[in-house]
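Engineer:
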Amino acid sequence: MGDAGPLPSLRLKSYRAGQQWVQYLHMLHVQSGEPHWKIARWLQSELALTTSFTRTHAADAGATTWNNLDPSQLERLRIRVGAWLERN
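Under the working numbering, the first residue of the sequence shown carries the number 7, and numbering increases by one thereafter.
1. Flag this pair as yes or no: are the beta carbons of Thr56 and Asn73 separated by less than 8 Å?
2. Span of the beta strand (DSSP E) holding Trp58?
3. Where Leu75 and Leu91 are concerned, what is the direct C-alpha to C-alpha distance, given to the nearest angstrom?
4. On the DSSP letters alone, give me the boundaries of the beta strand (DSSP E) that Ala110 sits inside.
5. Cβ of Ala67 within 8 Å of Cβ of Thr60?
6. Taking Leu53 and Gln29 to be in contact with their CB atoms under 8 Å, please state how far apart those CB atoms are, rounded to whole angstroms.
7. Have a look at Ile45 and Ala10 and give me their C-alpha separation to the nearest angstrom.
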């Protein structure tokens, strides 16, 4: 009722944001020449991320939760990475 086309969802917006992060980090890897593991460690230290892993039963693949994730801090880091990519 109302709109004639598809409506964006929060899930789609989150997926797109995640995909853009993947693209940014790949560009950072290519332009900096740093290995993926080093970029991953840098991200974890910049964002002070810790993880927890939970599994409900033996056949459960489990779920990883990123603790201390602050969206505003993530946005500031995205801007810094973008600025670095523009300069290099």
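Cβ coordinates follow ideal geometry from the N, Cα and C atoms, glycine included.
These numbers come from a predicted model, not from an experiment.
Structural biologist: Per the coordinate set shown:
1. Closer than 8 Å, so yes.
2. Per the sequence shown, the amino acid found at residue 58 is Ser instead of Trp. Here the beta strand (DSSP E) through Ser58 covers Thr56 to Thr60.
3. In this structure, the alpha-carbon of Leu75 lies about 23 Å from that of Leu91.
4. With the chain covering 7 to 94 only, the question about residue 110 has no answer from this structure.
5. no
6. Not confirmed; about 18 Å, so no contact.
7. 43 Å
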